[in-house]
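Under UniProt numbering, the residues of the sequence shown are numbered 1 to 845, in order.
Where is the CB? At the ideal position from N, CA and C, for every residue including glycine.
The structure displayed is predicted, hence computed values, not measured ones.
Structure first, commentary second.
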Amino acid sequence: MMMMSTSTGIMSLPFPAKIPLKPININPNLKTPNLNTNVIHLANTGQIHKAINLLTTHHHKLTTYSIVLKSCIRTRNFDLGKLLHNKLISSGLVFDDDVIMLNSLITLYSKSGDLVTAKCIFDSMGDRRDLVSWSAIISGFAQNGMGRESVCVFVDMIKFGEYPNQYCFSGVLRACCSPENVDFGLVVFGFVIKTGYFESDLCVGCALIDLFAKGLGDVKAARVVFDEMPERNAVTWTLMITRYAQMGYSGDAVQLFLDMVESGFVADRFTFSSVISGCAELGWLDVGKQLHSLVVKSGLSTDVCVGCSLLDMYAKSGGSLNDSRNIFNRMSEHNVMSWTAMITGYVLNGGFDREAIEMYSNMIESRVLPNEITFSSLLKACGNLADSKAGEQIYNNAVKLGFLSVNCVGNSLVSMYARSGQMEDARKAFEILFEKNLISYNILVDAYAKNLNSDEAFDIFNQIENSEMGVDAFTYASLLSGAASVGAVGKGEQIHARLLKSGFESNQFIRNALISMYSKCGNIVAAFQVFNDMEDRNIISWTSIITGFAKHGLAQRAQEMFKQMLLAGVKPNDVTYVAVLSACSHAGMIDEGWKHFHTMYKEHGINPKMEHYACMVDLLGRSGFLERAVQFIESMPFAADPLVWRTLLGACHVHGNTEIGKYAAGMILKQDPNDPAAHVLLSNLYASTSQWDHVTEIRKGMKERNVVKEVGCSWIETGNNVHKFYVGDTSHPQAREIYEELDQLAVKIKKLGYIPDTNFVLHNVVEEQKEQYLFQHSEKLAVAFGLISSAKPKPIRIFKNLRVCGDCHTTMKYVSLATGRDIVVRDSNRFHHFVNGLCSCNDYW
1 MMMMSTSTGI MSLPFPAKIP LKPININPNL KTPNLNTNVI HLANTGQIHK
51 AINLLTTHHH KLTTYSIVLK SCIRTRNFDL GKLLHNKLIS SGLVFDDDVI
101 MLNSLITLYS KSGDLVTAKC IFDSMGDRRD LVSWSAIISG FAQNGMGRES
151 VCVFVDMIKF GEYPNQYCFS GVLRACCSPE NVDFGLVVFG FVIKTGYFES
201 DLCVGCALID LFAKGLGDVK AARVVFDEMP ERNAVTWTLM ITRYAQMGYS
251 GDAVQLFLDM VESGFVADRF TFSSVISGCA ELGWLDVGKQ LHSLVVKSGL
301 STDVCVGCSL LDMYAKSGGS LNDSRNIFNR MSEHNVMSWT AMITGYVLNG
351 GFDREAIEMY SNMIESRVLP NEITFSSLLK ACGNLADSKA GEQIYNNAVK
401 LGFLSVNCVG NSLVSMYARS GQMEDARKAF EILFEKNLIS YNILVDAYAK
451 NLNSDEAFDI FNQIENSEMG VDAFTYASLL SGAASVGAVG KGEQIHARLL
501 KSGFESNQFI RNALISMYSK CGNIVAAFQV FNDMEDRNII SWTSIITGFA
551 KHGLAQRAQE MFKQMLLAGV KPNDVTYVAV LSACSHAGMI DEGWKHFHTM
601 YKEHGINPKM EHYACMVDLL GRSGFLERAV QFIESMPFAA DPLVWRTLLG
651 ACHVHGNTEI GKYAAGMILK QDPNDPAAHV LLSNLYASTS QWDHVTEIRK
701 GMKERNVVKE VGCSWIETGN NVHKFYVGDT SHPQAREIYE ELDQLAVKIK
751 KLGYIPDTNF VLHNVVEEQK EQYLFQHSEK LAVAFGLISS AKPKPIRIFK
801 NLRVCGDCHT TMKYVSLATG RDIVVRDSNR FHHFVNGLCS CNDYW
């Protein structure tokens, strides 16, 4: 318990420096009673400065001081209240026996956070303390996070023979919401039931809801308390809704809100904020929009608290950024929360990272200081842009504002460097972290995994496992992500085995990561097995398996799973629809694709994003409807970004349409003159039609502008090691054996009917050289290595960072026929399963 002297008199308490007050004109002939009335009137109308100034010019009654002091407390003008206390002492009025005045002073100092002074006043009262005194100090300690002190005072109260009232019970119950006091809270709960205060007082009922929800983490018990309350008001409804939302029971929060409205209660800013936050967590955009309409009708559309919740909801639920911006612009004022919500919305919606950074500049110009969440979101934006220079500037600003030791900012810096591909800088940022926690280690594991360095990821994992921290579900998920990124199914299976021993295997988050890992590593059968064994599936589970089937060319299975998901009552999100539309695109299911595109909004309220439009362009382009694809792009409700135009350009390459291809490339380069993909795709398109002058011109321009294309590579996992190959690679220790195997394969497959397709050679050389170039492609080197380093019946799994060329695709079919080996190739678009001379894509990719 806080130790304080009980002998310290009120007269000797420390007081703040005087606040200068402007003099006001006083009628010298005004009588004291009228002066008292004047002071009281000024205090009651909020003119507290004038009231205190008037008090200092004439002799006044103690009751007048008491009324003005209560006005200071009511309006939270605590500094003025302390000044008034000082002037009261200077006035010579004796108030040591005035219990009402002393209780007000306890409340004043408690609410201002000065519990030392509040306790001194309380102790000095001795036997004059009444229930108001006890409840004021108990509540004061509780409100200031000093639960133990609050409990001790409550116990002293019982010892002194005082019988607690509803305010004492309410105060001590809130103090018992902390883990160390929750057991005592249950004792008080029993006391409350016996005394009957639960049935008669709403404040006590609310405190009990918090005891169970916050103290014990038992929201179901809290709901029982709520349901048993004989009377409820808007505050009790809002409290229960808020606790549901805060503890992850978003669906219950929304349902209780609907019950509240049905019961005739009017929601306030706090109710709306909580229930809208619940919609954000659930991704319920439709419900969120309905709540937005209610907010407007309730006259709360300009409220900052509600506005921030709406911004968060639209950002997390895939809503329109235009809606978010309109909400932001209509808000009566902008604080750090509203600016941060808008910045985070831009980052979460993807492709708007520059807008997020611009928003930050506007925030600084508006003289609003960012917080740690602002900086974390901005660093994520810089990571998405691979703009480490901008990230470093933002981080330096964070350090200047005192966020050097804040974990989430330091962790975001590590993640930013990793996303930019700068793993050395990421590791340095990790090493200088003020404090490393499990999140820090997990970020590093995830970073190494996603940068194709699974060995380092496993080393960090072992460090965590051997430390006191211990690994969590996210650590395992990061490792699985690392295995998936390099297609290392062997490592993925090892992690799965460790999961079975760790007890995390049944975790929904882990199960979803396993589905994704097996799918991305080419084992869709194992992925479906994990999905099938799940008892509790969420939207991520369904979307992961639908995406898996789509990527493996199993469009019908993807469609079936989507239908099953809807029958199971799971609402699709924007990512689900990307998977469904992608499945239609890879299978040429045009009618089915259009149907899904139109029902996105009509049936599920999902506004199509850039990714969905890109899928539709891909669907039309793959099918050869290039003119329709252009018309579709031009009819989009917003300007197409490079992703959409690149999709069209890729389709032009497949169908050899240089006219539309040139137009698409021009649209990309108009937005980003240094886009390497646009230059390379257009160059390849010209090369495939033997327009070598244009090829030379493009390559020359790239060199002059220092535009670097992504280097194609393929890799394969054998014996838990990943082997990487580039075009014409001779660096591998077994290079001689690999090329010998390729020579033998060439003879075998030519006998089976293989004819090299030299149209896929992008160099202007003689025909004989073209054939040599074809057999130096990285995926052919990888398959040759797979054949000499593994035996039947194990399938050969090859991964490539770019699209597999047509000749390599044909070669793989013949190799599978000649060797009797199953070959799985994952390129940048999809999986190809080659079995007995046939491919799962049916030559449509």
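| Asked | Found |
| --- | --- |
| Which listed residue (Asp-183, Leu-514 and Ala-629) has its alpha carbon closest to that of Ser-544 | Leu-514 |
| Three-state class that DSSP yields for Cys-177 in the structure shown | coil |
| Nearest candidate by alpha-carbon position, reference Val-707, set His-679, Glu-697, Ser-178 and Gly-786 | His-679 |
| DSSP beta-bridge partners of Tyr-726 | Cys-713 |
| DSSP beta-bridge partners of Ile-798 | Ile-716 and Val-825 |
| DSSP-derived helix/strand/coil call for Val-708 | coil |
| Three-state secondary structure assigned by DSSP to Ile-24 | In this predicted model, Ile-24 has a pLDDT of only 34, less than 50, meaning its place in the structure is not dependable enough to derive any value. |
| Nearest neighbour of Val-235, chosen from Gly-217, Val-225, Lys-214 and Phe-270 [CA to CA] | Phe-270 |
| CA-to-CA distance, Ala-381 to Ile-755, given in whole angstroms | 48 Å |
| When Phe-160, Val-155 and Ala-118 are compared against Asn-144, the one with the closest alpha-carbon | Ala-118 |
| Integer Cβ distance of Val-204 from Ser-170, believed to fall under 8 Å | 5 Å |
| His-832, enclosing alpha helix (DSSP H) - first and last residue | His-832 -> not in any alpha helix (DSSP H); beta strand (DSSP E) instead, spanning 831-835. |
| Nonlocal neighbours in the same chain, by C-beta distance under 6 Å from Ser-714, ignoring five residues either side | Phe-725, Ser-778, Glu-779, Ala-782, Ile-798 and Lys-800 |
| Separation of Val-825 from Ser-790, as counted between CA atoms | 16 Å |
| Other residues of its chain near Ile-590: CB distance less than 7 Å, five sequence neighbours each side excluded | Leu-619 and Ser-623 |
| Under 7 Å between C-beta atoms of Ala-457 and Gly-487 | no |
| CB-CB length for Met-423 against Asn-451, believed under 8 Å | 5 Å |
| CA nearest to the CA of Gly-588, picked from Asn-842, Ala-429 and Lys-751 | Asn-842 |
| Rounded C-alpha distance that separates residue 851 from Gly-383 | Outside the displayed span of the chain (1 to 845) sits residue 851, for which this structure offers no information. |
| Touching by the beta-carbon criterion (3+ pairs, under 8 Å), the region 501-514 and the region 738-750 | no |
| Proximity of Ala-664 and Gly-621 at Cβ, strictly below 7 Å | no |
| Selected residue, minimal CA-CA separation from Gly-421, among Val-172, Ile-394, Asn-453 and Lys-70 | Asn-453 |
| Sufficient close CB pairs (3 or more, under 8 Å) joining the region 138-152 to the region 160-176 | yes |
| Buried or exposed (CB count within 10 angstroms, at least 16 for buried), Ala-639 | exposed |
| Proximity winner among Asp-743, Leu-681, Gln-671 and Leu-787, relative to Thr-718 (alpha-carbon distances) | Leu-787 |
| Exposed unless 16 or more other CB atoms sit within 10 angstroms - verdict on Arg-803 | buried |
| Environment of His-833 [buried if 16+ CB atoms lie within 10 Å] | buried |
| Alpha carbon of Trp-594 to alpha carbon of Glu-560, nearest angstrom | 17 Å |
| Alpha-carbon to alpha-carbon, Ala-526 and Ala-315 | 34 Å |
| Own chain residues within Cβ distance below 7 Å of Ser-301, not counting five before or after | Val-295 and Arg-330 |
| Opening and closing residue of the alpha helix (DSSP H) in which Met-469 lies | Run containing Met-469: none; DSSP gives neither H nor E here. |
| Inter-residue Cα distance where the pair is Glu-372 and Glu-358 | 18 Å |
| Closest Cα partner of Asp-641 within the set Gly-345, Pro-230 and Val-617 | Val-617 |
| Selected residue, minimal CA-CA separation from Asn-836, among Ser-828, Thr-810, Arg-830 and Asp-827 | Thr-810 |
| Alpha-carbon to alpha-carbon, Ser-502 and Phe-474 | 13 Å |
| CA-to-CA distance, Cys-839 to Gln-776, given in whole angstroms | 22 Å |
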